[in-house]
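Reading through the structure tokens given below for one structure.
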Amino acid sequence: MAGGRARVAASILDADLSNLGHAVRRAERAGADRIHLDVMDGHFVPNLTFGARTIASLRRHTELPFDAHLMISEPGRFLDEFLDAGCDSITFHVEVDAETIEPTLRRIHVAGRAAGLSVRPATPLASLEPYRSLLDIVLVMTVEPGFGGQTFMKDVAKAKILAARDYLGHRPIGGEVQVDGGVNRETAEIVGGLGADILVVGSALWIKGHDMAREIRLVKVLADEGYQYELNEGRPPDPRDRWFAFGRLPHAFAKRLAAEFDRARIPVIVLRGDGRINPDGVRDYDVLIPTEAETIAAERFATAREALEAEADAWRRSFEIAGD
Ligand code: DX5
Ligand code: ZN
59 MAGGRARVAA SILDADLSNL GHAVRRAERA GADRIHLDVM DGHFVPNLTF
109 GARTIASLRR HTELPFDAHL MISEPGRFLD EFLDAGCDSI TFHVEVDAET
159 IEPTLRRIHV AGRAAGLSVR PATPLASLEP YRSLLDIVLV MTVEPGFGGQ
209 TFMKDVAKAK ILAARDYLGH RPIGGEVQVD GGVNRETAEI VGGLGADILV
259 VGSALWIKGH DMAREIRLVK VLADEGYQYE LNEGRPPDPR DRWFAFGRLP
309 HAFAKRLAAE FDRARIPVIV LRGDGRINPD GVRDYDVLIP TEAETIAAER
359 FATAREALEA EADAWRRSFE IAGD
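FYI, our numbering numbers position 161 of the sequence shown as 219, with every residue one higher than the one before it.
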């Protein structure tokens, strides 16, 4: 589905477990943005689901990103298997043995995947403090982990979802607050209004006779409306996939501006556009960044842009002098 801010990760926990390949294909067709994989070990939570081998088998059934949510006591011990299985992101719980948390987060990064920590409803967000700079994802649980189909904990949502953003300050664009548990058409507006990026939806997708595509559309639209009226002064959110030209510069200068964004881990593309033609015969290039980064860019990169524009002007003038 085009546009919009909120993304839905379909949890297959409550799908027909005898045919998970079909379940992920169905979720993809219905417009899910991700597949959310709930791994339970019967120890960290009082339930058992599936492991890395199942995920590896599912990998060839869909192109959608795989978000693994490990509700297991020893994520570090099994990490390589989940990486090999093709998980795009791996989130585990901050309640596991503290010694193992930082090395596990680092290993996930070394493998080039996104790393996340999750907090049970009773665990304060402050427990994430030591790992701040290592987090790409904060997953806020709004039910007790272990089972699908439980009731959304509204108080937990209000206390944590908006506040979770604080732990992603080093990743102004691309860091994700994910919300998991009891998210459906009844609760999506609240969740969106608290700024969640990814809504994990489980049991609501697998109700017999329900149209899954409609359920996903409703959750996204309601989440975006929540965001619009609670956090965005009534304006519809910027679609995630919209880009704009923050700068138009000769190629070499455009690349230097892009390097600044790169260092700040803000996505950036340098693209040939329809900018002015320079004395060397090559047009200015566009430096494109996501529309949602507009405010940050204006605050943090306007000075760099001006400096490069001045340099580019001097460079253009040098041709005139040479030509005289
Ligand atoms: C619960 C899992 C959730 C669960 C969500 O332990 O982490 O991902 O599948 O299911 P619903 O949407 O039914 O709460
Ligand atoms: Zn989950």
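Positions of the beta carbon are idealized from the N, C-alpha and C atoms, including for glycine. Every value quoted in this text rests on a predicted model; they were computed, and no experiment measured them.
Return the first residue and the last residue of the beta strand (DSSP E) that residue i is part of.
| i | result |
| --- | --- |
| Leu307 | 301-307 |
| Leu346 | 341-348 |
| His94 | 92-98 |
| Met78 | The sequence given here places Leu at residue 78; Met does not occur at that position. Not the beta strand (DSSP E): Leu78 falls in the alpha helix (DSSP H), residues 78-87. |
| Leu329 | 327-335 |
Taking the beta carbon of residue i as the centre, do at least 16 other beta carbons fall within 10 Å, making it buried, or is it exposed?
| i | result |
| --- | --- |
| Glu247 | buried |
| Gly79 | exposed |
| His167 | exposed |
| Asp342 | buried |
| Asn77 | exposed |
| Thr361 | exposed |
| Phe377 | exposed |
| Lys278 | buried |
| Ile379 | exposed |
| Thr120 | buried |
| Leu75 | exposed |
| Leu106 | exposed |
| Arg65 | buried |
| Asp194 | buried |
| Glu171 | The question names Glu, but residue 171 in the sequence shown is Arg. Arg171 should be labelled buried. |
| Arg363 | buried |
| Ser191 | exposed |
| Ala156 | exposed |
| Gly292 | exposed |
Quick one: what's got a C-beta closer than 6 Å to residue i's C-beta in the same chain, skipping five residues either side?
| i | result |
| --- | --- |
| Ala316 | Val326, Val328, Val345 |
| Leu128 | Val97, Phe150 |
| Pro230 | Ile354 |
| Met270 | Ala88, Leu263 |
| Met59 | Caution is warranted here: a pLDDT of 43 is assigned to Met59, below 50, making its placement in the model unreliable, and the coordinate value is therefore given only provisionally. For Met59, where only same-chain residues beyond five positions count, the Cβ hits under 6 Å are Gly89. |
| Gly61 | Pro297 |
| Ala67 | Arg92, His94, Asp125, Ile256, Val258 |
| Asp371 | none |
| Phe304 | Val345, Ile347, Ala355 |
| Val82 | Ile93, Leu116, His119, Thr120 |
| Ser383 | Outside the displayed span of the chain (59 to 382) sits residue 383, for which this structure offers no information. |
Starting from residue i and walking both ways along the alpha helix (DSSP H), at which residues does that stretch end?
| i | result |
| --- | --- |
| Asp282 | 270-289 |
| Glu247 | 246-251 |
| Ala215 | 212-222 |
| Leu226 | It is not in any alpha helix (DSSP H) - Leu226 carries neither H nor E in the DSSP assignment. |
| Glu139 | 133-142 |
| Glu352 | 352-358 |
| Ile113 | 110-116 |
In terms of DSSP beta bridges, what is residue i paired with?
| i | result |
| --- | --- |
| Thr149 | His127, Gly174 |
| Ser191 | Answer is none; Ser191 lacks a bridge partner. |
| Val237 | Val198, Leu257 |
| Val168 | Val168 is not bridged to any residue. |
| Arg65 | Ile256 |
| Leu183 | None; Leu183 has no bridge partner. |
| Leu106 | Asp99 |
Within its chain, find whatever has a CB closer than 7 Å to the CB of residue i; leave out the 5 residues flanking it on each side and keep chain order.
| i | result |
| --- | --- |
| Glu153 | Arg178, Thr181 |
| Ile219 | Val198, Val235, Val237, Val249, Leu252, Gly253, Ala254 |
| Arg165 | Leu137 |
| Leu289 | Gly251, Gly253 |
Excluding the five sequence neighbours on either side, which residues of its own chain have a C-beta within less than 8 Å of the C-beta of residue i, listed in chain order?
| i | result |
| --- | --- |
| Val340 | Pro308, His309 |
| Asp142 | Ala110, Ala114 |
| Thr209 | Val201, Gly240 |
| Asn280 | What sits at residue 280 in the sequence shown is Leu, not Asn. Arg243, Ala246, Glu247, Gly250, listed in sequence order. |
| Gly144 | Ile113, Ala114, Arg117, Phe124 |
| Tyr287 | Gly251 |
Practice task
Give me every residue whose Cβ sits closer than 7 Å to any heavy atom of the ligand DX5, in chain order.
Solution key: Ser69, Leu71, Asp72, His94, Asp96, Val103, His127, Met129, Met199, Val201, Pro203, Gly204, Phe205, Gly206, Gly207, Gln208, Asp238, Gly239, Gly240, Val241, Asn242, Val258, Val259, Gly260, Ser261, Ala262
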